[in-house]
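Keeping their order, the protein sequence lines are chains A and B. The first sequence begins at 4 in this note's numbering and counts up by one. The second sequence begins at -10 in this note's numbering and counts up by one.
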Amino acid sequence: MGTFHDDKGALHGITVYAQAGDTVYVGRCDTLDDQRLVLHDADLHVEGQDGRTVDQYLQRSARFGIWKKHDTLIVPVAGLGPVRPLGELVRGGGAAAAPEATTTATAAAPAPAAASAAAAVAAASDAVSLTPGAAQEVRRLLVAEQRDGQGLRLGVAGGGCSGLVYKVEFDTRRDGDLVVPQDGFDVYLDRKSAIYLRGITVDHQAGLGGRGFQFRNPNATNTCGCGESFAV
Amino acid sequence: MPYPEQLVAPMRAELTSAGVRELRTAGEVDTWFAEKQGTSLLLVNSVCGCAAGSARPAVKLAINGSRKPDRVATVFAGQDVEATARARALIGDVPPSSPSIALLKDGELVHFVPRHLIEGQSAEVIAGELAAAFNQHC
């Protein structure tokens, strides 16, 4: 219910909200896919803006609506929390009140915390991939270094000859991480890094002539010869 | 840009045939709002099929109950632009929203149903919530 355009997802035409970091976006959902959330008649609120927290802003918006500030807002899905109908904040998340989004970014679940976690996993599922060789090498190192319960953290940081460098380390899951399940371990991405890493493929080249872990990043507009630094 | 009148005529008639008064001009809105005593319900109508398609029958259902507002009227957003703008200015300090439903008591806004609380809901659900508001205020 609520849409004449099935190809645009179950939330098309529905007023939704979604949070990224300290900013919440509210508007009528036009499109939600694995790349972007397109909102019409939209507003955004940054924590503390006009002396109000995001929660206070959302509570008032849920009760009375929003004052439109933008005809259209396009928000990258990477780094975005669950996209939910604004009306849920008044009525709750019952099935009758909450059309479930069919995209990977908005898998619905009954409890908010579970919804957030499930969406984080789903949103990241197409964010990065590991070749069989890279996954095998990660599993070997996790065992060799006795890192029980840890996974592979991928990230980016400023630096390198092309502006950004990849970060690779073993780590445990942190709050807000996007999670990409693998066979035998998980890959973790913080939400800011995920913006730069979406679509990346991690490979591993072993042997004397190999170069260890390698990154193929579709977002990179320039890379340096070492393969460890890139620009977007 | 307004839709062709022949397209929206059935959407007007759906309400007027149920006894809802349609306010087509700013003057008609001023006159209607000038009567402050008692309870008044205003539906901001819209061509939006997925929300207004539930809001219109919801109002019709709700005003068939035993407790209901003294007066019920509607303006048509996007069609009767001046009337809608005037009504929005008089409803109170709430963001413009269409469709939406405002319940006023003695001239003061006491219950407001913005578009996002109509979207995706059946007419019966919305009517039930309106009936609850009528029981409280009417």
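Ideal placement from N, C-alpha and C gives every residue a C-beta, glycine not left out. Quick caveat: nothing in here was measured; it's all calculated off a predicted structure.
* Asked: What number of angstroms, rounded off, separates the C-alpha of D178(A) from the C-alpha of D193(A)?
  -> Looking at the two C-alpha atoms, the distance is approximately 9 Å.
* Asked: For chain A, is any of its Cβ atoms less than 8 Å away from the one on R104(B)?
  -> yes
* Asked: By the 10 Å Cβ neighbour count, where 16 or more other Cβ atoms means buried, how is Y20(A) classified, buried or exposed?
  -> The residue is buried, with at least 16 neighbouring Cβ atoms inside 10 Å.
* Length-filtered (4 minimum) alpha helix (DSSP H) runs lying within the region 21 to 96 of chain A -> 57 to 67 and 91 to 94
* **Contacts around C127(B), its chain only, beta-carbon distance under 7 Å, and the 5 residues preceding and following it disregarded** => Cβ within range, chain order: T28, R56, K57 and P58.
* Going along chain A in order, which residues have a C-beta closer than 8 Å to the C-beta of E108(B)? -> G5, G16, I17, T18, P88 and G90
* Asked: Fully enclosed by the region 42 to 103 of chain B, which beta strand (DSSP E) runs are 3 residues long or longer?
  -> 60 to 65, 89 to 94 and 97 to 102
* Asked: Going straight from the alpha carbon of Q68(B) to that of L61(A), what length do you get?
  -> Their backbone Cα atoms lie some 30 Å apart in a straight line.
* Asked: Do three or more CB pairs link the region 40 to 49 of chain A to the region 59 to 74 of chain A at distances below 8 Å?
  -> yes
* **Residues in the region 70 to 88 of chain B having any Cβ partner in chain A nearer than 9 Å** => Listed by position, the residues of the region 70 to 88 of chain B near chain A (Cβ gap below 9 Å) are D82, V83, P84, P85 and S86.
* Asked: In angstroms, rounded to a whole number, what distance separates the CA positions of T134(A) and V41(A)?
  -> 32 Å
* Asked: Do you know whose CA, among T26(A), V49(A), I17(A) and R219(A), lies nearest T34(A)'s CA?
  -> Nearest C-alpha to T34(A): I17(A).
* Using CA coordinates, which residue listed in A13(A), Q153(A), T56(A) and F216(A) is at the minimum distance from Q185(A)? -> Q153(A)
* Asked: Hey, would you say L12(B) sits closer than 8 Å to A76(B), going by beta carbons?
  -> yes
* **Sequence-distant residues of its chain with Cβ nearer than 6 Å to D236(A) (five each side left out)** => Absent from the structure is residue 236(A), since the part of chain A shown begins at 4 and ends at 235.
* Asked: What in chain B is Cβ-close to F67(A), meaning under 9 Å?
  -> D82, V83, P84, S86, F101 and P103
* Comparing alpha-carbon positions, which option in C39(B), V114(B), E108(B) and N34(B) lies nearest A91(B)? -> Shortest Cα-Cα distance from A91(B) to any of C39(B), V114(B), E108(B) and N34(B) involves N34(B).
* To do: Give me the Cα-Cα distance between V9(B) and A122(B), rounded to the nearest whole angstrom.
  => 18 Å
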